[in-house]
Amino acid sequence: MNPSSLNEQPHHILFDSDNLSEIVPQWFNCGYWQDRAEVKAVSAGRGRAWFIDSDKQSMVLRHYQRGGWMANLLGDKYLWSGLNKTRAWREWHLLCSLWQQGLPVPQPLAAHVEQKGLFYCADLLTCTIPQSQPLSGWLNEQTLSSSLWQSIGALICRFHNANIYHADLNAHNILITEQHAFYLIDFDRGRSMPASSNQAPWKKSNLKRLRRSLMKLRNQNQKFNFNEDNWVQLIKGYSTKK
30 MNPSSLNEQP
40 HHILFDSDNL
50 SEIVPQWFNC
60 GYWQDRAEVK
70 AVSAGRGRAW
80 FIDSDKQSMV
90 LRHYQRGGWM
100 ANLLGDKYLW
110 SGLNKTRAWR
120 EWHLLCSLWQ
130 QGLPVPQPLA
140 AHVEQKGLFY
150 CADLLTCTIP
160 QSQPLSGWLN
170 EQTLSSSLWQ
180 SIGALICRFH
190 NANIYHADLN
200 AHNILITEQH
210 AFYLIDFDRG
220 RSMPASSNQA
230 PWKKSNLKRL
240 RRSLMKLRNQ
250 NQKFNFNEDN
260 WVQLIKGYST
270 KK
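What follows is the structure, encoded as structure tokens:
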């Protein structure tokens with residue numbers, strides 16, 4: 030990985046020149062790819078992402094978007110307090126660190142920040158994880174074996190053992206491939222934590238957040254394939270990994 034930068038005011042771009050020999054600000058505009066018929070899918074929800082198949086890379090373009098009441102006020106704008114403090118810059122550097130540690134995350138390609146007076150907008154480009162889908166989508170259609178639930182627990186434990194905090198650990202941010210490999214995605218506001226015990230409050234909070242996500246999806250759809258024994262198996266995998 031070879032971090033490089035490109036500055037064309039008001040655009041700031043940080044990218045891996047080992048994977049991208051060229052890059053321009055237009056790459057962070059979904060319309061650029063749509064005009065070339067290279068967008069193969071668009072994910073729904075607040076954190077909308079465009080899945081791009083081009084002659085350059087298979088990539089995922091994610092635009093940073095606020096949620097909650099702040100979305101009504103600021104939409105996709107964030108207060109500018111320096112380039113190194115922007116959401117995209119911080120997530121890109123964290124992903125680089127995780128990727129280099131061999132943790133199962135998308136390979137980071139580029140981060141983009143566009144200054145707009147006192148505010149900024151931002152985007153992130155990562156490599157596509159082939160033949161994968163969110164855990165939430167998988168469980169809408171089929172079950173997971175006990176061993177695979179344990180694998181999810183072991184996955185989370187790997188990140189916790191590396192003292193990595195995921196700010197939004199939910200069933201949408203865990204990917205499963207057709208080969209039953211698991212990945213974590215969307216590390217916006219994630220961070221590296223000080224070394225801590227297995228009982229650290231932030232680790233317990235992460236697990237509780239995931240459980241709430243799974244319970245919410247089950248309550249919304251009674252055919253959603255999650256039950257109490259599945260959670261027991263997940264915790265078993267989490268505990269065994271330690």
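Mapping of the sequence shown onto the working numbering: position 62 corresponds to residue 91, and the numbering continues sequentially without gaps.
Even glycine gets a Cβ: it sits at the ideal position worked out from N, Cα and C.
Since this is a predicted model, take the numbers as computed values, not measurements.
Only residues of its own chain outside the window of five on either side were considered, and among them I81, D82, S83 have a CB closer than 7 Å to the CB of E67, listed in chain order.
Here E120 is buried. Its C-beta has 16 or more other C-beta atoms within 10 Å.
In the DSSP assignment, A117 falls within the unbroken alpha helix (DSSP H) covering 116 to 129. Each of D47, V71, T269 was checked against the Cα of S176, and the nearest Cα belongs to T269.
Nearest C-alpha to P39 among H92, Q208, L127, L147: L147. The DSSP-derived three-state label of N202 is coil. A Cβ-Cβ separation of about 5 Å places S46 in contact with N31 under the 8 Å criterion. Restricted to the segment 183 to 228, the beta strand (DSSP E) segments that are unbroken, complete and at least 3 residues in length are 203 to 206, 211 to 213, listed in chain order. Per DSSP, reduced to three states, the secondary structure at E51 is coil, with no helix or strand assignment.
At the C-beta level, W118 and Y149 stay beyond 7 Å of one another.
Excluding the 5 residues flanking it on each side, Q179 has same chain C-beta neighbours closer than 6 Å at Q262, K265, G266, in chain order. Straight across, the Cα-Cα distance linking E170 with G111 is about 44 Å.
DSSP places L90 in the strand class (E or B) of the three-state scheme.
The beta-carbon distance between L184 and P133, rounded to whole angstroms, is 7 Å. This is short enough to meet the 8 Å contact definition. In this structure, the beta-carbon distance from R238 to L198 falls below 7 Å. L147 sits in coil when the DSSP states are folded into three classes, being neither helix nor strand.
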